[in-house]
Structures are given as structure tokens and as C-alpha cells.
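Each residue of the sequence shown is one higher than the last, beginning at 5 in the numbering used here.
Here a beta-carbon is modelled for each residue, glycine too, at the ideal position from N, C-alpha and C.
Note that the coordinates shown come from a computational prediction; the quantities given were computed from them, not determined experimentally.
The structure appears below as C-alpha cells.
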Amino acid sequence: MITSAAAAAHPNIAFIKYWGNRDDLLRIPANGSISMNLSGLQTRTIVQFDTSLEEDQLVINGESAGAEALQRVSATLDRIRELADLKTAARVTSENSFPTGTGIASSASAFAALTLAAATALGLGLPEKELSRLARIGSGSASRSIPGGFVEWQAGKDHASSYAVSLAGPEHWDLVDQIVLISREHKAVSSSQGHQLADTSPLQEARVADADRRLGICRQALLERDFPTFAEVVEQDSNLMHSVMMTSSPPLFYWEPGTLEIMNAVREWRQEGLQVCYTVDAGPNVHVLSPAEHAEAVKRKLTALTNVKSILTCTPGGPAWLIEP
Ligand code: PMV
């Protein structure tokens with residue numbers, strides 16, 4: 005017997021970042037975070053629970069996934085199977101709309117889509133909060149790809165209290181994220197490994213201690229569409245996370261020369277009066293944020309820079325959603 009469902013979700017870009025866990029297994033974060041879902045990019049996932057299967061199977065972009073990825077998917081499925089009181093194995097087929105190897109992390113959209121598809125296939129009808137908690141087990145940032153628009157993941161202290169909620173829908177603010185792709189010579193350390201190194205940096209304690217202040221400023225600036233305040237706190241938060249990364253043991257350097265060139269240019273353009281700021285995740289790509297009315301001018305300036313090869317343009321995206329299998 006086969007029961008199946010399909011779902012899609014957007015990845016998200018964090019304005020206030022998640023880096024380091026209080027509990028690595030449950031992915032209870034050291035601090036709360038705030039993000040925006042990225043419309044235009046998505047993962048689509050089909051989950052088929054099939055009584056004829058002996059174990060879970062995972063195919064990503066047409067290729068059979070490795071043991072580590074499968075184990076992570078099975079851990080999320082186990083939680084959902086437990087809720088449905090069922091042991092049936094599943095076939096999971098997942099496709100990303102964005103090019104692989106670009107350094108755009110797909111784990112947020114992947115685990116959000118997986119969670120919604122699997123819970124629906126088993127007829128669980130779970131509320132958004134519970135879907136967010138379950139997605140968090142697979143990848144922390146996936147908890148933020150369940151609700152729509154601008155999202156806050158409340159750190160919490162345990163499984164029950166750690167989930168994400170929408171602060172405002174996608175229509176609230178017409179922010180544009182232009183993701184500038186920087187070529188990468190070597191594979192970066194995965195964020196799962198990176199989170200485990202966060203506490204080895206003497207700067208992590210200070211970053212976490214100051215997180216509520218940054219969250220408060222960012223939340224209010226978002227709600228008031230106050231770009232100048234938003235820009236300062238978003239760049240500071242990104243710089244703080246990278247300071248922790250660069251001072252952990254071993255250190256993690258995600259920036260490349262092109263990353264820094266764009267960061268410097270963006271700050272200069274802001275001083276000249278353009279509404280624009282940057283944020284950088286666990287890779288060399290730079291997310292360049294601006295209100296829609298400044299996006300065209302920003303794009304022209306970006307394309308004139310020597311290191312810029314390609315740009316993906318995203319606007320605020322909705323919540324994870326069900327699709328036809
Ligand atoms: O969800 P993970 O384990 O891929 O961690 C995401 C980490 C960052 O992208 C660097 C920051 C964030 O909050 O998204």
C-alpha cells in the first residue's frame with residue numbers, strides 16, 4: 005500500500021543569524037533569528053510511504069543521495085512516523101529549482117517541504133507551529149521556511165518552545181534580495197559542522213548575549229519598514245557571525261576576495277544615498293538587500309563590478325505549500 009503527498013517550500017535568508025546550538029541533536033539554537041522567505045527559489049518534494057519498502061530511499065535532483073543525507077531525512081521521518089504511530093518506510097524524491105553548486109543552501113527549503121509532505125501523506129493535519137518544530141530537527145533554518153513572509157524563530161529552551169512564526173506576510177515590505185554568486189574553489193564546511201564549532205570561539209558568548217538587542221531592533225525596523233536602521237543591524241549581525249566563524253577552532257573563512265569587494269561597494273553606495281545593505285551566510289555569496297525602488301540601480305552597479313558573474317533576484321515568499329504529486 006502507498007500513501008503519498010507532495011509539498012514545496014522556499015529557502016530563506018536570515019537578517020539576524022542562527023549560529024550555534026544549545027542542543028545539537030534537537031537543534032535548539034543558541035539565539036533566536038529573523039529571516040525572509042525567498043520567492044523564486046524552491047524545493048519540491050514527494051514523499052511516498054510504501055509498505056513494500058524495507059528502508060527509506062532518497063533521490064535529490066535525480067540522483068540517489070549519500071548515507072549522511074539519507075540518515076538526516078530518516079531522522080525527520082521517524083519523528084513524523086512516531087506521531088502517526090506507523091513504521092512504514094518512505095521514498096523521498098526532491099528537486100531544487102535553483103542551480104546546485106552555487107552555494108545556495110537548500111536544507112531550509114528541503115526539510116520544510118519534506119516535513120509538510122510527510123505529515124500530509126500520513127494524514128496528520130498538524131498546525132504550523134508543529135510543522136516548524138519538526139522541520140527544525142532536520143535543519144534549524146528549515147523551521148523558518150514553514151511560515152510565510154518575514155519570520156522569527158523563537159529560540160526556546162526545548163523541543164516544544166523552539167519554533168518559528170510569521171512576523172508579517174510577504175506583501176508587508178517589497179524588499180528585494182539580489183544574491184550575487186561568487187565562484188568557489190573548494191567546498192565549504194557544512195553549517196551542521198559549523199554550528200558545533202561556534203562555542204570554540206571566545207566571541208560566541210558576546211554574540212549570543214547581545215542577540216536580543218539585535219532581534220528587537222531588526223523586528224521593529226522590519227515592522228516599520230525603516231530601511232536605514234534595518235541595514236545597520238543586518239550588516240552588524242552578519243559581521244558578528246563571521247567573526248565567530250573566523251575565530252573558532254579550527255577557524256572557518258567563508259569570505260572570498262569577491263565577497264569583500266561587494267561588501268565594501270555596498271557600504272559605499274549606502275553612504276552615497278542608495279538604500280542597500282549586505283548579509284552573508286555560510287558561503288562566499290553576498291545577499292544584497294534593498295527596497296524594490298532601489299533594486300534596479302543596485303543591480304546596475306553590481307553588474308559593473310569585476311567579480312560579479314551572475315545574480316539571482318528574489319522577493320519575499322509565502323509559506324510552505326502543498327502541490328500536486
Ligand atoms: O539550518 P542550517 O544548519 O543550515 O544553518 C543555517 C546557518 C546560516 O545560514 C549561516 C544562518 C541562518 O540563520 O540561516
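- Contact between G142 and R76 is confirmed by a C-beta separation of about 6 Å, below the 8 Å threshold.
- Residue nearest to A269 within the set A34, L30, H291 is H291 (criterion: CA-CA distance).
- Not one heavy atom of the ligand PMV is found less than 6 Å from the C-beta of A192.
- Out of A299, P174, Q279, the CA that lies nearest to the CA of H14 is found in P174.
- Relative to the non-hydrogen atoms of the ligand PMV, the Cβ of G144 comes within a distance shorter than 6 Å of at least one.
- Per DSSP, the unbroken alpha helix (DSSP H) holding T119 starts and ends at 111–125.
- The beta carbon of S205 sits closer than 7 Å to those of V248, T251, S252, all from its chain and outside the five residues before and after it, given in chain order.
- Under the 8 Å Cβ criterion, the region 59–69 does not count as touching the region 25–38, having fewer than three qualifying pairs.
- Contact between the region 309–326 and the region 37–48 is present: three or more C-beta pairs spanning the two stretches fall below 8 Å.
- The beta-carbon distance between F19 and T233, rounded to whole angstroms, is 12 Å. This is too long to meet the 8 Å contact definition.
- Here DSSP, grouped into helix, strand and coil, assigns F231 to helix.
- In the DSSP assignment, D60 falls outside any beta strand (DSSP E), carrying neither H nor E.
- E209 and R31 have their C-alpha atoms spaced approximately 18 Å apart.
- Residue pairing from DSSP leaves F19 without any beta-bridge partner.
- C-alpha of E72 to C-alpha of E228: approximately 42 Å in a straight line.
- The ligand PMV approaches Y22 closely enough that one of its heavy atoms is under 6 Å from the residue's Cβ.
- Look at D82 here: in three-state DSSP terms it is helix.
- The C-beta distance from G287 to G107 rounds to 4 Å, short enough to fall under 8 Å.
- Here DSSP, grouped into helix, strand and coil, assigns T204 to helix.
- The residue from S39, N100, L120, S111 with its alpha-carbon nearest to that of A9 is L120.
- The nearest non-hydrogen atom of the ligand PMV is less than 6 Å from the C-beta of A18.
- Measuring C-alpha to C-alpha distances from E99 to each of A213, L118, I84, D82 identifies L118 as the nearest.
- In the three-state scheme derived from DSSP, where H, G and I count as helix and E and B as strand, D162 is classed as coil.
- Counting only residues of its own chain and dropping the five nearest sequence neighbours on each side, I17 has a CB closer than 7 Å to the CB of S39, M40, L42, D181, T283, H291.
- Three or more Cβ pairs drawn from the region 152–172 and the region 121–137 lie within less than 8 Å of each other, which places the two stretches in contact.
- The Cβ atoms of G262 and I315 do not sit closer than 7 Å to each other.
- When the five nearest sequence neighbours on each side are left out, the beta carbons in the same chain lying within less than 7 Å of the beta carbon of F115 are those of T80, A139, G142, S143, A146, in order along the chain.
- At a Cβ-Cβ threshold of 7 Å, R211 and L244 count as neighbours.
- Relative to the ligand PMV, D285 has its C-beta within less than 6 Å of a heavy atom.
- F154 is bridged by DSSP to M40, A172.
- Contact check for G277 and E156: beta-carbon distance about 30 Å, past the 8 Å limit, so the pair fails to qualify.
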